[in-house]
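Input: a single structure, listed below in structure tokens.
Numbering (this note's numbering), first residue to last: 478 to 746.
Shown next as structure tokens:
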């Protein structure tokens, strides 16, 4: 088997994540509706999303920013309607935000079986995840993921092309045999294509709007989309097989070309 370097995203690629935020945001909007009856739930969610994404783009993926976005949304509507902010309400909003990071993380179906298979087939596995160190380490420890990734765990609050380049440099990765696998077009796929490595997009069932961007980069490697993480081992196995076959064919062609040149030189002599 032709060994590949597989760099995997964590949230919404290996484990559930965004659905917990959706549940939290809905709880927040329902509570807000009780305090601001003339505002629609959609308006509340839209304003929170706007504030949240602005914060992430400026400050990164630290978990505290989500809770702060809920408080800032509450403050926005208090200012809009001339309503006094109350300490008890702020505490309630903060509890809703913080509850997301207190939940037990659940892996995607067959996650362990898939990682076992990839590891058994000799591939080098790395984890490239966005967020703050404490929250992401909590998930990794809870799910015993270091058994698969060892010291190849990379956590960045600003998960972008520069961050991925640091990962590739530290791993001394061969770009032709390196894959970025994740759900986010913005923080997984776009950086991979910009750096010329292979990329596999596995769309999440529920996607955060921050992750959705247009991809207008011509891939220099392989760029594919899979419906589910379950299909990953077969796809990598197939790609590794064809790459090995092509390498052998190219080697044979090179040998034949060398022999032909040698024979031609003999005839001319």
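Virtual Cβ for every residue (Gly too), placed ideally from N, Cα, C.
Using only CA atoms, which one of the options lies nearest to residue i?
i: residue 484; options: 600, 615, 613; result: 600
i: residue 676; options: 685, 652, 551, 527; result: 652
i: residue 496; options: 678, 521, 585, 615; result: 585
i: residue 526; options: 514, 512, 549; result: 549
i: residue 638; options: 656, 648, 663; result: 663
i: residue 679; options: 659, 594, 720; result: 659
i: residue 669; options: 613, 597, 605, 626; result: 605
i: residue 569; options: 557, 681, 511, 717; result: 511
i: residue 687; options: 708, 661, 694; result: 661
Would you kindly report the start and end of the unbroken alpha helix (DSSP H) that includes residue i?
i: residue 644; result: 638-648
i: residue 597; result: 588-597
i: residue 573; result: 564-576
i: residue 545; result: 541-558
i: residue 532; result: 518-536
Residue range of the beta strand (DSSP E) that residue i falls in?
i: residue 601; result: 601-607
i: residue 454; result: This structure cannot settle anything about residue 454, because the visible part of the chain is limited to 478 through 746.
i: residue 658; result: 655-659
Using the three-state DSSP reduction, which class does residue i fall into: helix, strand or coil?
i: residue 489; result: coil
i: residue 479; result: coil
i: residue 675; result: strand
i: residue 683; result: coil
i: residue 696; result: coil
i: residue 713; result: helix
i: residue 689; result: coil
i: residue 499; result: helix
i: residue 733; result: Any answer about residue 733 is weak, because its pLDDT of 49 lies below 50 and its placement is not dependable; what the coordinates show is given next. Helix.
i: residue 619; result: helix
i: residue 624; result: helix
Would you grab the beta carbon distance between residue i and residue j for me? Rounded to a whole angstrom, and I think it's under 8 Å.
i: residue 607; j: residue 636; result: 3 Å
i: residue 689; j: residue 666; result: With 8 Å as the limit, residue 689 and residue 666 do not qualify as a contact, their Cβ atoms being about 11 Å apart.
i: residue 721; j: residue 503; result: About 49 Å separates the two Cβ atoms, so there is no contact after all.
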